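Visitor: Numbering (the numbering used here), first residue to last: 1028 to 1251. We put the CB at the ideal spot given by N, CA and C, even for glycine. These numbers come from a predicted model, not from an experiment. One structure coming up, written as structure tokens, with questions to follow.
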């Protein structure tokens, strides 16, 4: 039986589930022009949509086209971002700004891998091989979570600390340091992680060949 495809009129997001849920859905057009949704980026240039719901309440989402290189690591981004309660789009933007998704990146200061971890930071967060994509993302996301906690979930201050170090942020009275590089870094990431207005999407579980298959659709199940 052909894989089930969800045909939607717009982009996400409402799920009829009782608990808070964070998820990623990837979309693209098939050869016949129909919109296909999947929980994995199966084609180059898939568009990724981030969403969360709580007791059926609609929340804002974001979407962007991810490159072929980025798609290789996106399942790590989603898993570890969800683990730490961070928006995956924020992690993606940090990786793009830090290494342009080059897992072998090495800065002149010694920062390593996708999220450019300094040796001390990598060790602090249990990263043995900073050039291993999953280890690097895990450590980088944990460090970002640590900074968000330190600055009471102020993303701009956490990003400034990620770029210039917490000492610099503290030195300037818990403000973004007046460094051109740091201010440009924070602005660039914030400008690429904006959230778009969501449409409604429903989660449907169906039995296919004796197993449960989840699909998403903009058609309310009771109306079909």
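Using alpha carbons as the reference points, say which of 1202, 1147, 1161, 1178 lies closest to residue 1108.
Guide: Comparing Cα positions, the closest option is 1161.
Visitor: Return the CA-CA distance between residue 1169 and residue 1156, expressed in angstroms with no decimal places.
Guide: Cα to Cα, the separation comes out at about 15 Å.
Visitor: Going straight from the alpha carbon of residue 1238 to that of residue 1065, what length do you get?
Guide: Computed Cα separation, rounded: 17 Å.
Visitor: Would residue 1125 be called buried (16 or more neighbouring beta carbons within 10 Å of its own) or exposed?
Guide: Classification for residue 1125: buried.
Visitor: Taking residue 1007 as the reference, which of 1204, 1054, 1146, 1141 has the closest Cα?
Guide: As displayed, the chain neither begins before 1028 nor continues past 1251, which places residue 1007 out of reach and without an answer.
Visitor: Could you name the residues of the same chain whose beta carbon sits closer than 8 Å to that of residue 1131, not counting the 5 residues immediately before and after it, in chain order?
Guide: Same-chain partners within the cutoff: 1140, 1158.
Visitor: Verify the contact flag: residue 1129, CB atom, against every heavy atom of the ligand ADP, threshold strictly below 7 Å.
Guide: The ligand ADP is not part of the structure shown, which contains no ligands of any sort.
Visitor: Among all the DSSP beta bridges, which residues are the ones paired with residue 1100?
Guide: BP columns for residue 1100 are empty, so no partner.
Visitor: So, do the stretch 1094-1114 and the stretch 1165-1179 have three or more beta carbon pairs nearer to each other than 8 Å?
Guide: Verdict: yes, contact present.
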